[in-house]
Structure formats: C-alpha cells, structure tokens
Amino acid sequence: MSHNEEEPSFFDRERDKLSREITSGFEELLSSTNGLNRKLEEVLGMTKEYDTIASLWHTFYQLMRNSNEEGGDESTMEEQDRGAGMPGTGGHVVSSTKPMTKSDGPSQPKS
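If you count the sequence shown from 1, you need to add 1268 to reach my numbering.
Set out below in structure tokens:
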C-alpha cells in the first residue's frame, strides 16, 4: 500500500474540514430560522387575538355611546363628566315612578 491510499492528502483533509464547518453553519442557520419562524407565528397569533378583543371593546364603546345619546337630554354635561348615573361610579341614583306611601314601608309587628 502506498502512502496516498492510507492517508488523505492535505487538500482532502482541508476540504472535509471546511465541508463539516459549512454543514454545521447551515444546521445552525436552519435552527435559528425555525426559531424565528415560531416567534413570528406567535406574534401573528397574538395580533389576531388583539383584533378580536379590540372589536369587542369597540362594540361595547358604541353601545355605551348610543345609550348616552338616547338618555343624554336629562343629564348635564357636568354629570356626564363625573360619571353620574353609571352604576359602580357612586353617582347612580335609583328612582321610583310612584311616591312611597306608609303602606309601602316596612311592616309593623302586631302588638
């Protein structure tokens, strides 16, 4: 056996070394690209969720705005700024349509 058959030449060794480095670099690039792709998919999924939530809040806002426009004649601008009439704000007043009479009050125990 000759010396050439047993041992690869310097060129072959360098070529194999560079091929391994390039392969390793491509594998690392592929792994990083896959990670980036997963993160981009997460971001796109989150934006779709935010669109749904934004649409829900917009619908709620429109509903509240329309209800304020319908009942806006009875309250002043100052009351609207303070949140008067909105439950949970402390400005909500329960009103009755008929005056309370003695018979509407709490029952008296019989003696």
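Cβ atoms here follow ideal geometry from the backbone N, Cα and C, with glycine treated the same way. Nothing here was measured: the structure is a model prediction, and the numbers come from that model.
Glutamate 1282 - DSSP class collapsed to helix/strand/coil: Looking at glutamate 1282 - three-state DSSP - the assignment turns out to be helix.
Can you determine whether any heavy atom of the ligand MG sits closer than 8 angstroms to the C-beta of glycine 1293, and answer yes or no? Summarising the ligand content, the structure contains no ligands, and the ligand MG is consequently not present.
If you draw a straight line from the C-alpha of asparagine 1301 to the C-alpha of threonine 1291, how long is it? The sequence shown places threonine at residue 1301, rather than the asparagine named in the question. Their Cα atoms are separated by approximately 15 angstroms.
Proline 1286 versus glutamate 1309 - alpha carbon distance: Note on identity: in this sequence residue 1286 is leucine, with proline being the wrong assignment. When the Cα atoms are used, leucine 1286 and glutamate 1309 turn out to be separated by approximately 34 angstroms.
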